[in-house]
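Those letters in the sequence shown? Residues 698 to 1170, by the working numbering. We put the beta carbon where it would ideally sit given N, CA and C, even for glycine. Please read the structure below before turning to the comments.
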Amino acid sequence: MPRSNPLKQALRPVMCLRPPNDIMFEESFWDELAGAGVNEIALQWLCLLDDPANHKREAGNIYPQPEDNHPRGLASLGGKPLARVPTAAFHPTPEFYKDLNWEPPTMPLHLSSQSEQLSSALDMGKSKGFTIYAVDDKGYFLHGGFGSGTLDLNKRTPSFTDPDMPAMTVARARDTAKHFPQVTGLFLDGPDFKWEIKPGHRDDLWVEPIDTPENRDFASKNGIVFQKVLDGREYFKEFLHEFTPDYARKFSAHFQGALADHDWWRNHSKFANWYLFKQAAVEWSVSSSYQGVKKHLPHIQVGNSSRLPFVEALTGHNSVRKQNYIDFQQPKQYWWSGGVAGFRGTIVNWVNTLADWNNGLDTEQAANLFGSMFNYPMPANYPVSHYSLEATDEWFDTSIHDQTAKMISNSGGQEHCLPWVGLEHFGSNWLTASELDRLLGEMHSQGATRYCYFIYNSMEPEIWDVIQKYSRG
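Encoded structure:
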């Protein structure tokens, strides 16, 4: 049953938007959001869209993208998707990039009027009381980073331990604020180290190219022996192959929640260097970006994304420590299955892989082991084998309740917690309206007042109804 909304405070989304920008040109767009109690938006891809005919050897992407078909977006393109090339939304300011090795993306001259139109649309939003954020897609500024365009990747590969990456984030933030002063907030999306163990998965932590010159140099500068980093990562695979049923029971009894415990990783004889390297790399990247932005743009509010609490130690984040160098935190309530980065799907992958790797360990035992490893409570009436099906109320009362409480606590309280909420990604199973209702209901019951909804462009009427149920208060 959908949860009631007994509390008086509202739970409002920061509404995330993707191109086409044209949806913002209509005053009715802003009025629709304002009428629902929404007064904040996040521009995930602050870019312009150009005709591929103007770009040699560039076919572009299809807009709206398949998961983004919203009636407004489709109508703005004449009722059918079109191929377009994302480009920078402004001409770069040379002085901001003078000591960087990256060349900033440029805006084609013929798009100047489109840039002005976008600025006018944001002015309209500001005049109606909206706060506007830009999203930095992991600092890489590829197709879709804030102040978008395309970096020339032929000369070097992006790495978040490269000193130029947070410096480029700061430069792009300064340039964005210069050209679009309506933007007064910045979401830093990640970076993350990988967390999946399913062989060949896109987020397989052993496929991730960790052995790079930048990472080796970073480890050396921080007093970390890089070979021990590599050895720790490889030993983790061996460690996950050692769980006989008897050892799984003993591990669960003596090391409850070990893999979600920063102290366990930090003090482990074989994993410590791997863990410390990841923690140091993510902390340096995020804090350097934050401090650089604040130095030049002290009025800009900066948030940082991370994965769910149970897996953050694997990804290199430590939310409690991040309270010292970020304005608000954005853990991802991404609970879809069967696709990329959805955590019901991740849990299924972990459980099935643990069962595959350990003779005598069936999926039920593997699920119990997973829950113990990560201190992730699972109700008996919603086993992992049902994670592609509609969730039970008990799952929201246990698993979702647990992770929501931890993300709020780790962030330093409700006022510093602005979680992402999404329904799907890249062909996954979508959360239903009922599941979204119960997810928001759990967040609301714990005192949350804001979240970032991913994304407006794919919103169906029944989803919009659920969002308004909470946003109106």
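Note on I759: under 16 other CB atoms within 10 angstroms of its CB, so exposed under the neighbour-count rule. Taking P801 as the centre and dropping the five residues before and after it, the same chain places the C-beta of P789 and Y794 closer than 6 Å to its C-beta, in chain order. In terms of Cβ geometry, F940 and L1011 do not form a close pair [threshold 8 Å]. From the listed residues T803, E1132, N964 and C713, the smallest Cα separation to P791 is found for T803. In the DSSP assignment, L1136 is bridged to no other residue. In this chain, the alpha helix (DSSP H) harbouring M821 covers S809 to S824. For S1106, the enclosing alpha helix (DSSP H) stretches over residues H1098 to S1108.
Judged by their CB atoms, G1013 and K967 are not nearer to each other than the 8 Å cut-off. Going by C-alpha positions, D900 is about 15 Å away from S1125. DSSP, read as helix, strand or coil, puts Y1084 in coil. Contact check for Y1079 against W1092 passes: the beta carbons are separated by less than 8 Å. The closest CA to that of D765, considering only H752, I1105, L779 and R754, is found on L779. Spanning the alpha carbons of V990 and H876 requires a straight line of approximately 16 Å. In this structure, R709 places its C-beta atom within 8 Å of the C-beta atom of T1146. Collapsing the DSSP output to three states places G882 in a strand.
K705 counts as exposed, since fewer than 16 other beta carbons sit within 10 angstroms of its beta carbon. By the beta-carbon neighbour count (other beta carbons within 10 angstroms, threshold 16), T866 is buried. In the three-state scheme derived from DSSP, where H, G and I count as helix and E and B as strand, A945 is classed as helix. Rounded to the nearest whole angstrom, the C-alpha separation of G775 and A831 is 27 Å. Following the DSSP letters along the chain, one finds A1052 in no beta strand (DSSP E) but inside the alpha helix (DSSP H) bounded by residues F1040 to W1054. Inclusion of D820 and Q741 in the CB contact set at 8 Å is not warranted, their separation being larger than that value.
According to the DSSP assignment, E1061 belongs to no beta strand (DSSP E) but to the alpha helix (DSSP H) extending over T1060 to F1071. About 6 Å separates the beta carbons of L937 and W1054, which is inside the 8 Å limit, making them a contact pair.
The three-state secondary structure of Q706, taken from DSSP, is coil. The three-state secondary structure of Q998, taken from DSSP, is strand. Cβ atoms of Q1030 and L1136 come within 8 Å of each other, at about 6 Å. In this structure the region 987 to 1001 lies against the region 1021 to 1038, because at least three pairs of beta carbons, one per stretch, are closer than 8 Å. Going by C-alpha positions, C744 is about 50 Å away from L1058. Scanning S1142, N1001 and A950 for the CA closest to the CA of F1071 turns up A950. In the DSSP annotation of this structure, the continuous segment of the beta strand (DSSP E) that includes I738 starts and ends at E737 to L740. Taking C-alpha positions only, T1043 is separated from V1008 by approximately 10 Å. Here the region 708 to 725 makes contact with the region 807 to 826; the two share three or more CB pairs at distances below 8 Å. Under DSSP, M712 takes part in a beta bridge, and its partners are I738 and Y1150. Rounded to whole angstroms, the gap between the alpha carbons of E729 and P1028 is 27 Å. Per DSSP, the unbroken beta strand (DSSP E) holding N758 starts and ends at N758 to Y760. Contact between E980 and R1018 holds: CB atoms are separated by about 7 Å, below the 8 Å threshold.
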